[in-house]
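Q: Numbering (my numbering), first residue to last: 1057 to 1729. The beta carbon of each residue, even a glycine, is placed where N, CA and C say it ideally should be.
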């Protein structure tokens, strides 16, 4: 579950891979799973599905070749990245061909990762099981993908301008919810809130019309899981146990929190970095969105069932027709780029039909990929983010390397489009991710992280600050079709949705089709907001710093304070407002940093902190009156030009502070975010 919009770690992918073949590796743990029976190997290709490229792979995907490749790559990469441990699983033609554990499930105890026993937290990969449960109920006739979801709820989700929400929109993350993070993850059983309680506490605001804009939503996925509970009559965790885990033989998997006693000893410890201390077990309180704990071997069984159109060793969790529907395109946010299926999203696969899902908690980072027509699945999970987010870049490097090694394609040969210069000019400006919060204080994260800036050079080559390569530098994009772009020096794609001559969305296949860039309004553009932010900060800092400095200088040289009465009071109040405003900003930076490093801090238990910070801000806003009154007094006096200009500057800074506080929702009536 990636919670804060735009917080995608970009680390040192190349550094993680340099010397992988020659570096001394931690021991890898491997198991040889039992072979499924012949029934599991039968996979039906949907009618009309695209064929794989004709070019033969230079490396056959065998247990021996894959084992050598991963053994030469992963141990060195996690050692360089300060990642504690990893599990890697590859399935092909209905059976696992590789299950590897690398590094440690418990660093202090030196307990190695065992792919058959060690449980990882796959985060939002959990959603693929939730969506499978939804499709089981669709298959049973209890859920209509296009019915108003209020049909199945015991509370109401408000329509967007009269338009209801459907299950199909939930499954494609196009229902239009603002992002939300509050109470998503807790760090202790005493603080756990049930999914039902969280859902009924209030839905995030719907900021987009349904079915039009991709905006990833943990709340939306959990709403779908709650609907499964409602229509089936079984608690969600028990439903998954009975209808997915049991038929697939996933005996080492659960959505239950805290863990059942028989599984608790096998749970891998989570880490920020391997060299740091182990972290507490994370309670994902919107359980259907990410509460799964599972072994690599169990995830192999789930992948085989998905690749085999719902069947594993004679046991069916979906009919073939239902599975094929689940794996078919349903929503394409930006033409020319991957689509959303029902729960899974399409990924670039060198022309092969590839779908998958990623997942992140604070400490676990995972990927699941299904090469549908090749009957191949790949699952990865790491129990620490690593230094500079190394786990993210290792995951990306593995997917790219695995796809290029076993499913290669010739480099694209596409001439530059004739309208590249004119089209590039249309794209220039500032953009923000569609997955964002527009209602709570999370809105400030987009501002602090910086909106994406799009520029085009004289030849129409486009650079987007948000789309970066493994070297952390922005990629360059060359137009190869009408608003269709190819990475310069690479094979990634980027595309633009244009309506009535105006840019609506920009997306890249480096990101899943659950988010896209949207142009920002003039009022929210960092083109002027960023300079105003820094200018405000500088003026407030000068006002706060010169107050004690001037007092010290007067004391040092034996001077007296020259102001009296109302003028003296307003002088002091104006400087005090500067101090209060700076304290407000500092407190928010501290709180946001705390919540980002530990999502359990973003909970109802910290509402009192947020309210105190907001109270400080309100005092600063009220103080604007003193700064404006100070301007009037100073300008009517015979004081010098510096005093007059500084009074205006500090008044403007206090007004700028109020604009930032309210426009970024740092001061709000409600406590949702």
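Which first and last residues belong to the alpha helix (DSSP H) in which residue 1604 is found?
A: First-last of the alpha helix (DSSP H) with residue 1604: 1582-1613.
Q: Among 1149, 1147, 1158, 1140, which has the Cα closest to the Cα of residue 1130?
A: Looking at the Cα atoms, 1158 is the closest of the given residues.
Q: Can you grab the Cα-Cα spacing for the pair residue 1171 / residue 1352, in whole Å?
A: C-alpha separation (whole angstroms): 5 Å.
Q: Under a three-way DSSP split, which group does residue 1498 fall into?
A: Three-state result, residue 1498: coil.
Q: Based on the DSSP secondary-structure assignment, which residues constitute the bridge partners of residue 1486?
A: Bridge partners of residue 1486: 1509.
Q: If distances are taken between C-alpha atoms only, which option among 1226, 1536, 1186 comes closest to residue 1473?
A: Answer by Cα proximity: 1536.
Q: Assign residue 1348 to buried or exposed, taking buried as 16 or more other Cβ atoms, counted over all protein chains shown, within 10 Å of its Cβ.
A: Label assigned to residue 1348: buried.
Q: Within 10 angstroms of the Cβ of residue 1214, are there 16 or more other Cβ atoms? Answer buried if so, exposed if not.
A: Exposed, because fewer than 16 other Cβ atoms sit within 10 Å of the Cβ of residue 1214.
Q: Is the CB-CB distance between residue 1541 and residue 1518 below 8 Å?
A: Yes, these two residues count as a Cβ contact at 8 Å.
Q: According to DSSP, what are the bridge partners of residue 1542?
A: DSSP, once it has assigned bridges, lists 1534, 1549 as partnering residue 1542.
Q: Using 10 angstroms around the beta-carbon of residue 1463, count the other beta-carbons present and answer buried if the total reaches 16, otherwise exposed.
A: Buried is the call here.
Q: What does a CB cutoff of less than 6 Å around residue 1343 pick up in its chain, not counting 5 residues either side in sequence?
A: Same-chain partners within the cutoff: 1251, 1311.
Q: For residue 1658 and residue 1439, I'd like the C-alpha separation in whole angstroms.
A: Each residue's Cα considered, the two are about 21 Å apart.
Q: In whole angstroms, give me the CA-to-CA distance for residue 1660 and residue 1501.
A: Whole-angstrom Cα-Cα distance: 19 Å.
Q: At which residue ranges does the segment 1426-1485 contain complete beta strand (DSSP E) runs of 3 or more residues, listed in the order of the chain?
A: Runs of the beta strand (DSSP E) inside the segment 1426-1485: 1432-1438.
Q: What span of residues does the beta strand (DSSP E) with residue 1412 cover, start to end?
A: 1410-1416 is the span of the beta strand (DSSP E), which, as asked, contains residue 1412.
Q: Residue range of the alpha helix (DSSP H) that residue 1121 falls in?
A: Run containing residue 1121: 1119-1137, per the alpha helix (DSSP H) assignment.
Q: Which residues share a DSSP beta bridge with residue 1144?
A: Bridge partners of residue 1144: 1156, 1436.
Q: Taking the alpha carbon of residue 1491 as the reference point, which residue from 1458, 1478, 1280, 1507 has its own alpha carbon closest?
A: Selected option, being the one with the closest Cα: 1507.
Q: Thinking C-alpha only, which one of 1372, 1494, 1192 is nearest residue 1718?
A: Ranking the options by Cα distance to residue 1718, first place goes to 1494.
Q: When the distance is taken between beta carbons, is residue 1415 closer than 8 Å to residue 1180?
A: The answer is yes: Cβ separation under 8 Å.
Q: Between which two residues does the alpha helix (DSSP H) holding residue 1668 run?
A: Segment 1663-1678, the alpha helix (DSSP H) holding residue 1668.
Q: Would you kindly work out how many angstroms separate the C-alpha atoms of residue 1645 and residue 1497, rounded to a whole number?
A: Going by the C-alpha atoms only, they are around 11 Å apart.
Q: Bridge partners of residue 1371, per DSSP?
A: Its beta-bridge partners are 1368.
Q: Assuming residue 1273 and residue 1313 are in contact, meaning their beta carbons sit under 8 Å apart, how far apart are those beta carbons, in whole angstroms?
A: Incorrect: roughly 21 Å between the Cβ atoms, too far for contact.
Q: What is the residue span of the alpha helix (DSSP H) that residue 1403 lies within?
A: Unbroken run through residue 1403 is the beta strand (DSSP E), 1401-1403; no alpha helix (DSSP H).
Q: Assign residue 1663 to buried or exposed, taking buried as 16 or more other Cβ atoms, counted over all protein chains shown, within 10 Å of its Cβ.
A: Exposed, since its Cβ has fewer than 16 Cβ neighbours within 10 Å.
Q: What's the call for residue 1729, buried or exposed, on a 16-neighbour Cβ count within 10 Å?
A: It counts as buried.
Q: Output yes or no for whether 8 Å exceeds the beta carbon distance between residue 1153 and residue 1146.
A: Against a cut-off of 8 Å, the Cβ pair of residue 1146 and residue 1153 comes out as a contact.
Q: Tell me whether residue 1102 sits in a helix, a strand or coil according to DSSP, three-state version.
A: In this prediction, residue 1102 scores a pLDDT of 31, lower than 50, which makes its location untrustworthy; the coordinate-derived value is nonetheless stated afterwards. Coil, per DSSP.
Q: In angstroms, rounded to a whole number, what distance separates the CA positions of residue 1565 and residue 1476?
A: Spanning the two alpha carbons is a distance of roughly 20 Å.
Q: Quick check on residue 1637: does DSSP put it in helix, strand or coil?
A: It is helical.
Q: Count the other C-beta atoms from every protein chain shown that fall within 10 angstroms of the C-beta of residue 1609, then say buried if there are 16 or more, exposed otherwise.
A: Residue 1609 is exposed by the Cβ-count criterion.
Q: Answer with buried or exposed for residue 1217, where buried requires no fewer than 16 other C-beta atoms within 10 angstroms of its C-beta.
A: Label assigned to residue 1217: exposed.
Q: Does residue 1188 come out as helix, strand or coil in the three-state DSSP assignment?
A: Three-state result, residue 1188: helix.
Q: From the DSSP output, in three-state form, read off residue 1183 for me.
A: Helix, per DSSP.
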